[in-house]
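As you go down the protein sequences, you meet chains E and D in turn.
Position one of the first sequence corresponds to residue 1 (UniProt numbering), numbered consecutively onward.
Position one of the second sequence corresponds to residue 1 (UniProt numbering), numbered consecutively onward.
Quick reminder that beta carbons are idealized off the backbone N, C-alpha and C, glycines included.
Read through the structure below, which is laid out as structure tokens, and then see the notes.
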Amino acid sequence: MAAFSDLNILHMENVSTKEKLLMAIKLGYEVVAINNYVENVLVKDDKGKSKKEPSKVVEIPAPVKVHLTERDIGDLKVKGASLKQLSRFTTVLSDPGQWRRMQEDDIQAYDLLAVQPTTEKLFHMACTAIEIDIITFNIGDKLTYYLKPAPVSKAIERGVHFEIVYSEGFHSSSRRTFIANALRIMHVTHGKNVIISSGAREAMDVRGPYDVANLGLLIGLQEPQSKDAISTNSRACVLHANTRHSVKSVISVRSSSELKAEDQWTVEACRKEASEESGDDSSESAAEEADSSFDAARPESKRRRMDGV
Amino acid sequence: MYERRVITKSEFHYMRVSLDVQNPAKALPVELTNVYFKQAVTAALTRLFGDIGGAMVAVDVLKYNEGDRSAILRVHSHNLVKLWSALTLTDRYMSRKCAFRVHQVSPYLMGLAVNSREYEHT
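This is how it looks when you write it as structure tokens:
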């Protein structure tokens, strides 16, 4: 079973994040993501300024990692587990141009990227086009757009997850909309690719994993789905994030005669490998191998990011 | 060949819960006696499900320990999810930050006798 995870521990200026992590450890979480929330990654020009002037660059805080001693994670050590800390960046998506800003290194340095789309168009974009891991909602306020099934199923196909933040359900002012919105999300996703996280502002806002799983039942998940929402789905989400950071490369097949001189050795290598693998009676297959060889992308091109594609 | 049988017909579920408050050293405005504890549970239910919905969930406090504010609750099995989620979504008691921690849930009272998750490893 995948470990319990809470992918939204809010990092705030004046509240100790460590305290929240200790609470999460105490309650049995093994994966936590510390969330840095930046309302807008672009600063809009003031009205007085001319539009040609480059807009100010918003300073993005560096990913946070809390130092925990052996003693702090003692509860988990007993179980033979340890705490995995991830960093997460969340922003409100209110302008398509923000995505360009998010592709820069300071934001890409985060493990998980989450956006909170404000319009239906941007929601569509977040579901279908841009490379993010989590789509989150301001779940305590009324959703201003309709969640259409088409982009949602595309998002599920791509491995993007939808987040429900349960700490919004604590206050009676936002509880109604919390439940209504959560039900809407459930209705449109059928419980697939949904993660439930705390969004904790204080340590007391974190609830135990089984409590959260039970809350999933209340908002219309099936029992196994509900458990997945705090374990397996979160794990899938983290792995999806990892793929964003891993090497992107292309495999192409071509005739060995077209190979460049410096890559000729690969033909020999493939031939040798093939004959070693299948013993004596495989001279035919070895010859076939020689016709086409894999032209693996070379290191430089591997390192180059292909985000534009 | 084999058949998996899950018996879910037990009438009641039993829960061991405790009320965690922020800064436990600072005293609450009132001593949290069993009556106040029951009141906190009922208030949680009413807050989430309203007057009627809350009243339909019958909860019994079988045992209450004032020292660590923990109790054993008994609830009809079909109301378990309601009660549990009402407890989860409670964050305040007498304007103090608090949280109900559910330690164990079992269809048998005997199941609450031991809890291997709370062993102290020294």
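At the C-beta level, D:Leu45 and D:Cys98 stay beyond 7 angstroms of one another.
Interface flag for E:Asn14 against chain D is unset, since no Cβ pair is found closer than 7 angstroms. With a threshold of 16 other beta carbon atoms within 10 Å, D:Gln39 falls short and is exposed. Residue state for E:Tyr29 is assigned as coil, using DSSP reduced to three classes.
Straight-line spacing of the CA atoms in D:Ile72 and D:Ala113 works out to 11 angstroms. Closer than 9 angstroms at the C-beta level to chain D, one finds these residues of the segment 164-176 of chain E: Tyr166, Ser167, Gly169, Phe170, His171, Ser172, Arg175. In the three-state scheme derived from DSSP, where H, G and I count as helix and E and B as strand, D:Asp20 is classed as strand. When Cβ-Cβ separations below 7 angstroms define contact, D:Gln39 makes no contact with chain E.
When DSSP states are grouped into helix, strand and coil, E:Ile134 belongs to the strand group.
With respect to the 7 angstroms criterion, E:Glu163 and E:Ser198 are not classified as neighbours on the basis of their beta carbons.
Taking a beta-carbon distance threshold of 7 angstroms, E:Asp211 counts as an interface residue toward chain D. Judged by DSSP in its simplified three-state form, D:Asn79 adopts helix. For E:Arg207, the nearest beta carbon of chain D is closer than 7 angstroms to its own beta carbon.
Note that the C-beta distance between E:Asn36 and E:Phe123 is not below 7 angstroms. Among the CB atoms of chain D, one or more fall inside 7 angstroms of the CB of E:Asn214. From the beta-carbon of D:Lys26, no residue of chain E is found nearer than 9 angstroms; the closest lies around 14 angstroms away.
Within the segment 99-110 of chain D, the residues whose Cβ lies closer than 7 angstroms to any Cβ of chain E are, in chain order, Ala99, Arg101, Val102.
Within chain D, the residues whose beta carbon sits less than 9 angstroms from that of E:Met204 are Asp20, Val21, Gln22, Asp91, Lys97, Cys98, Ala99, listed in sequence order.
It is roughly 5 angstroms from the alpha-carbon of E:Ser87 to the alpha-carbon of E:Tyr110. With 16 or more other Cβ atoms inside 10 Å of its own Cβ, E:Pro117 counts as buried.
No Cβ of chain D is located within less than 7 angstroms of the beta carbon of E:Leu10. Counting only runs that start and end inside the segment 34-116 of chain E, the beta strand (DSSP E) elements of at least 3 residues fall at 84-93. Note on geometry: alpha-carbon atoms of E:Lys65 and E:Ile251 lie some 37 angstroms from one another. Excluding its 5 nearest sequence neighbours in each direction, E:Met204 has C-beta neighbours in its own chain below 8 angstroms: Met23, listed in chain order. DSSP lists D:Val75 as the beta-bridge partner residues of D:His13. Looking at the backbone, the Cα of E:Gln225 and that of E:Glu258 are separated by about 52 angstroms.
Interface flag for E:Leu7 against chain D is unset, since no Cβ pair is found closer than 7 angstroms. In this structure, the beta-carbon distance from E:Pro149 to E:Val206 does not fall below 7 angstroms.
When C-alpha distances from E:Leu83 are compared across E:Ser234, E:Ser16, E:Val31, the shortest belongs to E:Val31. For the segment 216-231 of chain E, the beta-carbon criterion of a distance under 7 angstroms to any beta-carbon of chain D is satisfied by Leu217, Leu218. Below the 7 angstroms Cβ cutoff, chain E contributes Asn214, Leu215, Leu218 as neighbours of D:Ser85, in chain order. Distances from the CA of E:Val43 to each of E:Val58, E:Tyr29, E:Ile34 were compared; the closest alpha carbon is that of E:Val58. Contacts between D:Val57 and chain E, judged by CB atoms closer than 9 angstroms, are missing: the closest CB pair is about 13 angstroms apart. Neighbourhood of D:Arg47 in chain E, by CB distance below 7 angstroms: Ser172, in chain order. By the criterion of at least three beta-carbon pairs nearer than 8 angstroms, the segment 54-66 of chain D is not in contact with the segment 133-140 of chain E.
Chain E places no beta carbon closer than 7 angstroms to that of D:Thr42, leaving this residue out of the contacts.
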